[in-house]
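K.L.:
Take this structure, written in structure tokens, and hold onto it; I'll ask about it next.
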Amino acid sequence: METPNHASPVLADSSPTSNNTKLRGIHSGLLPYAQQSTHFSPSKYIKIPRRKPVKPDDVSSNGWLDAMRASSPPRKKLVKDFNCEIASENPDSAYLSWMNKYPSALSSFDKIMDQAKGKKIAIFLDYDGTLSPIVDDPDCAIMSNDMRSAVKNVAAHFPTAIISGRRRDMVYDLVGLTELYYAGSHGMDIMGPVNINVSNRESVKSINYQGNELNLFQPAREFLPVIDKVFRVLVESTKGIKGAKVENHKFCASVHYRNVEEKNWCVIAQCVHDVLKGYPCLRLTHGRKVLEVRPVIDWNKGKAVEFLLDSLGLSNSHDVLAIYMGDDKTDEDAFKALRQNKYGFGILVSSSPKETNAYYSLKDPTEDGKLKLLARSTSLKLNFRYLLSFPRIRAATNSSLDAGLRTELDSVSNFSEIVPDTVIFDDFEKFPPTAATVSSSLLLGICGLPDTIFRNAVDMALADSGCSTLENSEMRLSCFVNKALVNVGGDLAKLVPGRVSTEVDARLAYDTHGIILKVHELLKLYSEVNVPPEKLLFKIPSTWQGIEASRLLELEGIQTHLTFVYSFAQAAAAAQAGASVIQIFVGRLRDWARNHSSDAEVDAAVKRGEDPGLALSQHFLQATSSLREVKA
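Sequential numbering of the sequence shown, starting at 1, is according to UniProt numbering.
What follows is the structure, encoded as structure tokens:
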């Protein structure tokens, strides 16, 4: 049965128009949680206060040169200076002391799991230095395919947003996932849901291609002309400084000095200060090897997090656990907002100790460490609660037909989808299948039915000359079976609106690498018959090796269907792996319990007409708060 999934809107830039004009968008969908209120809190969002402008002065007197040096100092100096209470000449000792104050998110994950119980989860991520590496050229800060797959997997379970200092359209182009929310310009450019009503000039309603209303929130829109002007002035004034790079991020301008020789840092800092003397409506901040010019409004990544939580109906801190992962000084505003409002906590990505408002740290700033953390975060959807009693089998009582429906199939079709695992379906018109499966047993059934519409698909596979030329008989057989599975699966994909699940050879059940290779082979064959990957699932046995293969494939963005699930441990592990579909064999569990159980409680339950298979399904569904699909 399929439970509602969320899909967060992502829109390209648009301009304010009348209410009757549709604006260009990319994607949106249902919100993950019910909205508690239809209005923002006016004290927080309607009035955007301005900061008192600070008159730019000499670079050295304001300490900006020191701040620039501190943004990436030598490791030993940073370790010694970050906190006098734990200062040490021994970097390793100092780091251990720092880790006691800001423990590793990976080693503390069991504690995080406890905090997540019964909570609605929201994930917020910085881009540069968090999802992508820090590089000399900002245009080359590209996230890897593994990272993209990991983020996509997280977004499939929880509402997820990227809050970046970059332009919103730029960060979307770099990430390319429609499942996320995006906030650019340090949160001054947010595209979010519109199940809320913000009646102020900073908010513009728009409609995407799917006809869904969305909300564009830009509290600094009035500053666009001056930001554009200052950007052009900064480009002109810094063109003589070798290595300087100026970027226009729409609501802020960034001056990168990563490639500028340190002896010239004072020159570039003074240059920026001189430009800003003529613009009291702007202020200067700094991040990692970058000076940033922003409007004087009191808005930052922390305010953007609060805005998005309220937009998603998650402003009740007692019911929410928000997690923000970032690496830069600009992310501290988000860490602070979560800490002060008790919404959740921040995770600082840093290889060097530093004071932070985050609760946890991630010492390993490499992609491997971040991938591990993102992969584990999907397990937060599990909220384990032991089910003490079995549900009754509906067929054991007259109540299954209380609603006036003729059969239990009628009842099931009211709240679930029908996925026939057969080529013979007697009532196709009344109960048209929405998805399908293809397996070796299905192929055997097709071979025994010469009149079936799928027989030609199998015959075409057997006639494939590419398979016939293979030297090894085992390789020939594998090739024929693969071709037949894909040919039948391709025909089924044309008949059903949903996905087609293709069986992976059960003989590979204990071979993780073999399963992955087989799935890649099948994917390649499906591409040759023009079946897109999003239309496919791959059916894998729920052994330890199979579940691990599922986890790795899901990280690639390949949808998996874990089958042969007979225990809660298997189901929980499958959920933690991020499997798209988890199939619990209710009938086989029932039969086994009736024939083999020596457990007195199970025996008594079976005699009362209660079902251990349904019990496992119910236990699992209660334990998972946002699982996408469970098959029974």
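Backbone N, C-alpha and C fix where the C-beta goes; we use that ideal spot for every residue, glycine too.
#1: When the distance is taken between beta carbons, is Ala-244 closer than 8 Å to Val-260?
#2: Within the continuous alpha helix (DSSP H) that includes His-520, where are the two ends?
#3: Using the DSSP secondary-structure output, state which residues sit across from Tyr-566 in a beta bridge.
#4: Which residue marks the beginning of the beta strand (DSSP E) containing Ala-322, and which one marks its end?
#5: Quick one: measure Cβ to Cβ for Asp-319 and Lys-120, integer angstroms, because I've assumed they're closer than 8 Å.
#6: Applying the 10 Å Cβ sphere with the 16-neighbour rule, what's the burial state of Ser-41?
#7: One question on the structure: do Ile-163 and Ala-183 come within less than 8 Å of each other, judged by their Cβ atoms?
#8: Buried or exposed for Gly-578, going by 16 or more other Cβ atoms inside 10 Å?
#9: Does the pairing of the region 213-232 with the region 250-266 give three or more beta-carbon distances under 8 Å?
#10: By alpha-carbon positions, which one of Gln-570, Pro-541, Val-296, Leu-362 ends up nearest to Pro-280?
#11: In whole angstroms, what separates the C-alpha of Gln-583 from that of Leu-174?
#12: Taking C-alpha atoms, which residue in Val-581, Trp-544, Thr-160 lies nearest to Ala-569?
#13: Can you find the residues in the same chain that come closer than 6 Å, C-beta to C-beta, to Phe-223, ignoring five residues on each side of it along the sequence?
#14: For Asp-189, tell me which candidate among Gly-176, Leu-177, Met-170 has the shortest Cα-Cα distance.
#15: For Arg-288 and Cys-479, I'd like the C-alpha separation in whole angstroms.
#16: Quick one: what does DSSP say Thr-437 is sitting in, helix, strand or coil?
#17: Is it true that the CB of Thr-502 sits closer than 8 Å to the CB of Lys-539?
#18: Could you check which residue in Glu-548, Leu-492, Val-500 has the C-alpha nearest to that of His-513?
#19: Locate the alpha helix (DSSP H) running through Leu-273, then write down its first and last residues.
#20: Assuming Arg-590 and Gly-613 form a contact by the criterion Cβ under 8 Å, report the distance between their Cβ atoms to the nearest whole angstrom.
#21: Taking contact to mean 3 or more Cβ pairs, one atom from each stretch, closer than 8 Å, check whether the region 514-526 and the region 438-457 are in contact.
#22: How would you label Pro-532, buried or exposed, when you count the other beta carbons within 10 angstroms and need 16 or more for buried?
#23: Would you call the CB atoms of Ala-322 and Leu-348 closer than 8 Å?
#24: Can you list, in chain order, the residues of its chain with a C-beta nearer than 6 Å to that of Pro-4? Leave out the 5 residues immediately preceding and following it.
#25: Mind checking Asp-611: buried by the 16 CB within 10 Å criterion, or exposed?
#26: Near Ser-315, which residues of its chain fall below 6 Å by C-beta distance, leaving aside the five closest residues on each side in sequence?
#27: Can you check whether the CB of Leu-470 is closer than 8 Å to the CB of Arg-476?
#28: Rounding to the nearest angstrom, what Cα-Cα distance links Met-113 and Ala-334 in this structure?
#29: With a threshold of 7 Å on Cβ separation, who are the neighbours of Arg-166 within its own chain once the five nearest residues in sequence on each side are excluded?
#30: Using the Cα positions of Val-290 and Tyr-257, report the straight-line distance between them to the nearest angstrom.
#31: Suppose contacts are defined by Cβ-Cβ distances below 8 Å. Is Phe-109 in contact with Ala-161 by that definition?
#32: By DSSP's criteria, Lys-250 is part of a beta bridge. Which residues make up the other side?
#33: Could you give the first and the last residue of the continuous alpha helix (DSSP H) run that contains Ser-132?
#34: Within 10 angstroms of the Cβ of Tyr-102, are there 16 or more other Cβ atoms? Answer buried if so, exposed if not.
#35: So Asn-357 and Gly-346 are supposed to be a Cβ contact under 8 Å. How far apart are they, rounded?
#36: Can you grab the Cα-Cα spacing for the pair Phe-620 / Thr-437, in whole Å?
P.N.:
Concretely, from the data shown:
#1: yes
#2: 512-528
#3: Paired residue(s): none; Tyr-566 is not in a bridge.
#4: 320-326
#5: 6 Å
#6: Since pLDDT at Ser-41 reaches only 37, below the 50 mark, its modelled position is unreliable, and the value read off the structure follows with that caveat. Ser-41 comes out exposed.
#7: yes
#8: buried
#9: yes
#10: Of Gln-570, Pro-541, Val-296, Leu-362, the residue nearest in Cα terms is Val-296.
#11: 35 Å
#12: Trp-544
#13: Pro-295
#14: Met-170
#15: 53 Å
#16: strand
#17: yes
#18: Glu-548
#19: One detail in the question is off: residue 273 reads as His in this sequence, not Leu. First-last of the alpha helix (DSSP H) with His-273: 265-276.
#20: 5 Å
#21: no
#22: exposed
#23: no
#24: Note that Pro-4 scores a pLDDT of 35, beneath 50, so its modelled location is shaky; the value from the coordinates is reported in the next line. Closer than 6 Å at the Cβ level, and outside the excluded window around Pro-4, lies no residue.
#25: buried
#26: Leu-309
#27: yes
#28: Answer to the nearest angstrom: the Cα atoms are 21 Å apart.
#29: The beta carbon of Arg-166 is closer than 7 Å to those of Tyr-127, Gly-184, His-249 in its chain, skipping five residues each way along the sequence.
#30: So the two alpha carbons sit approximately 6 Å from each other.
#31: No; because the gap between Cβ atoms is not below 8 Å, this pair is not in contact.
#32: For Lys-250, which the question treats as bridged, DSSP gives no partner whatsoever.
#33: Neither: Ser-132 is in no alpha helix (DSSP H) and is coded neither H nor E.
#34: Classification for Tyr-102: buried.
#35: 6 Å
#36: Computed Cα separation, rounded: 23 Å.
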